[in-house]
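Below: the structure, in structure tokens.
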Amino acid sequence: IKFGHFADMVQSDRKYPNDPIRASLEIVAAGTMLFDQIWLGSYMSGGVGFTQYATAAYTDNILDDYTSYGVDYIKKKHGGIGKAKATQEIINDIATEVNLYGMEQYEEYPTALEAHFGGSQRASVLAAASGITTSLATCNSNAGLNGWYLSMLMHKEGWSRLGFFGY
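If you're matching positions, the sequence shown starts at 134 in our numbering and goes up one per residue.
Spelled out as structure tokens, the structure:
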């Protein structure tokens, strides 16, 4: 299933037309269930732990908090959803702000670290929040992807690795 088709099948835009954060998070949750838990977890690896990575995207409301913070930031700094230009400077600004907020929250609240016990879980949640926020700010999926990758690089530079044994 292609990601664009999958987003259309979930239809969270129809269910939450006035809440782009919730609509985006519903697509992420369904995507992690299908692609990470079923495809990677069951089929590709025989069920040896990939399911743990996906749960971080739809449990604990941590991703929701980071994304909501990012949307509040783009409303204050860039005028709202869809108002920012898709330039590298804007992408760097938004993804850096969201990622640093998330990293600070992980350090301030140890239970968040316990909930997302692996660095790869934390990296994925931070990257998802950065990517969603950047996409919403610019209405550009490629800008969101760049925000995702920037977040991964910042996570690695900030905490020296992404997860267990560097994964």
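For each residue, glycine too, the CB sits at the ideal point set by N, CA and C.
Reference residue i; option with closest CA among the options
i: Leu283; options: Tyr239, Cys272, Glu230; result: Glu230
i: Asp141; options: Asp152, Glu159, Ile154, Gly203; result: Glu159
i: Met287; options: Lys208, Gly252, Ala248; result: Gly252
i: Lys108; options: Phe168, Ser145, Asn151; result: No answer is possible for residue 108: it lies beyond the span of the chain, which begins at 134 and ends at 300.
i: Thr267; options: Pro150, His138, Asp193, Ile154; result: Ile154
i: Lys289; options: Ala248, Glu247, Leu233; result: Leu233
i: Asp193; options: Trp292, Glu237, Glu247, Gly280; result: Glu247
i: Met99; options: Gly280, Phe139, His249, Ile207; result: Nothing about residue 99 can be read from this structure; the chain reaches only from 134 to 300.
i: Thr220; options: Gly235, Gly280, Gly291; result: Gly280
i: Ile207; options: Phe250, His249, Glu237, Ser263; result: Ser263
For residue i, the three-state DSSP class (helix, strand or coil)
i: Lys135; result: coil
i: Asn151; result: coil
i: Phe168; result: helix
i: Asp141; result: helix
i: Gly215; result: coil
i: Tyr242; result: coil
i: His288; result: helix
i: Gly251; result: coil
i: Asp197; result: helix
i: Asn273; result: coil
i: Asp257; result: Here residue 257 turns out to be Ser, not Asp, going by the sequence shown. Note: Ser257 maps to helix in three-state DSSP.
i: Thr229; result: helix
Cβ-Cβ separation, residue j to residue i (assumed contact under 8 Å), whole Å
i: Tyr242; j: Arg255; result: Not really, about 12 Å apart at Cβ, beyond 8 Å.
i: Ala163; j: His211; result: Not confirmed; about 28 Å, so no contact.
i: Ala245; j: Ile195; result: 6 Å
i: Ile265; j: Ser157; result: 5 Å
i: Gly203; j: Cys272; result: About 15 Å separates the two Cβ atoms, so there is no contact after all.
Examine the Cβ distances between the region 251 to 267 and the region 196 to 210 and report whether three or more of them are shorter than 8 Å. yes
Three Cβ pairs or more, each shorter than 8 Å: is that satisfied between the region 275 to 292 and the region 208 to 224?
yes
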